[in-house]
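I have placed the structure first, in the form of structure tokens, so that the comments after it can refer back to it.
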Ligand SMILES: Cc1cc2nc3c(=O)[nH]c(=O)nc-3n(C[C@H](O)[C@H](O)[C@H](O)COP(=O)(O)O)c2cc1C
């Protein structure tokens, strides 16, 4: 097992010593996370998908409603179509397994209709948000399960660039929305992915009450860490993290088509009242 001080130093970009707590394989897996965008053409062992889904289903779920589903895609043609809809991200075609995680309000709609019960509550933003949270928590359990057995993953938020077209490709009924995709496969060792540092804890951890002004120093520190991280890896990211982040939120156009998400969701039957 990699030692905690080394993992913590990679996670923050500077040495913070050991956190004084017991250390175990689960923490080591969590702290070792990095997104993988290059995969070996190696099939997954039989039963992998089912164990990832069992891990996902073991996550908490709001009121045990289980308002999520997932579509597992292995067909190269379907992966190719989804890759195109996600801005031609090659890793979607390359990975042996592509999972599309769904906020699923169709199942409850169907159950209510079969029982002759109204289901107006499903039309509210709250239920949509519940389903998105459920899907995200479930997916993250699958990510940790995958990483714990030596697989790599990367989330694909670009599934939301063209929600209606994605829905067609994977045959979604009304009231179901593809929240994100997830590539799963064996990492290609020739394309070593590094642990990407995160903001210092002083930026994200607030004790008793929220503090905004106090984050300035932590952000400045992180900007330096990330500038070095980008340049050490010859990544084509001009500027630091703050500069990079503000570009991502500057305008509706910066959202890669997702500025029309409300309209797309309405088209998929989700009213968001
Ligand atoms: C919801 C979500 C959507 C994401 N969408 C994409 C994507 O479309 N393409 C991609 O290459 N990475 C995507 N990522 C991966 C992030 O870029 C990555 O997690 C972040 O840069 C931190 O790097 P790390 O995961 O290696 O620590 C996404 C991550 C999340 C959580």
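In the working numbering, the protein residues as written are -5 to 267.
Glycine residues also receive a C-beta, built at the ideal position from the N, C-alpha and C atoms.
All values reported here derive from a predicted model rather than from experimental measurement.
Asked: Any non-hydrogen atom of ligand 1 closer than 7 Å to residue 252 Cβ; Found: no
Asked: Limits of the unbroken beta strand (DSSP E) element including residue 118; Found: Counting along the chain, residue 118 falls outside any beta strand (DSSP E), and DSSP gives it neither H nor E.
Asked: Residue nearest to residue 237 in terms of C-alpha spacing, selected from 218, 266, 228 and 226; Found: 218
Asked: 8 Å Cβ cutoff met for residue 141 and residue 27; Found: yes
Asked: Cβ-Cβ separation, residue 170 to residue 99 (assumed contact under 8 Å), whole Å; Found: 7 Å
Asked: Run of the beta strand (DSSP E) containing residue 224, from where it starts to where it stops; Found: Run containing residue 224: none in the beta strand (DSSP E); it sits in the alpha helix (DSSP H), 209 to 226.
Asked: Beta-carbon contacts of residue 80 that lie in its chain and below 8 Å, excluding the five residues immediately before and after; Found: 86, 150, 152, 153, 155 and 175
Asked: Distance, residue 179 Cα to residue 91 Cα; Found: 7 Å
Asked: Whole alpha helix (DSSP H) elements within the segment 38 to 80, 4-residue minimum; Found: 42 to 51 and 70 to 79
Asked: Residue 28: CB within 7 Å of a non-hydrogen atom of ligand 1; Found: yes
Asked: Residues sharing a beta bridge with residue 198, DSSP; Found: Residue 198 pairs with nothing; no bridge assigned.
Asked: Bridge partner(s) assigned by DSSP for residue 176; Found: 93 and 149
Asked: Cβ neighbour criterion (16 or more within 10 Å) applied to residue 204; Found: exposed
Asked: Same chain only: Cβ atoms within 8 Å of residue 3, ignoring 5 sequence neighbours per side; Found: 9 and 10
Asked: Cβ distance (whole Å) where residue 136 is taken to contact residue 40 below 8 Å; Found: Between residue 40 and residue 136 the Cβ distance is about 17 Å, and since that is not below 8 Å, they are no contact.
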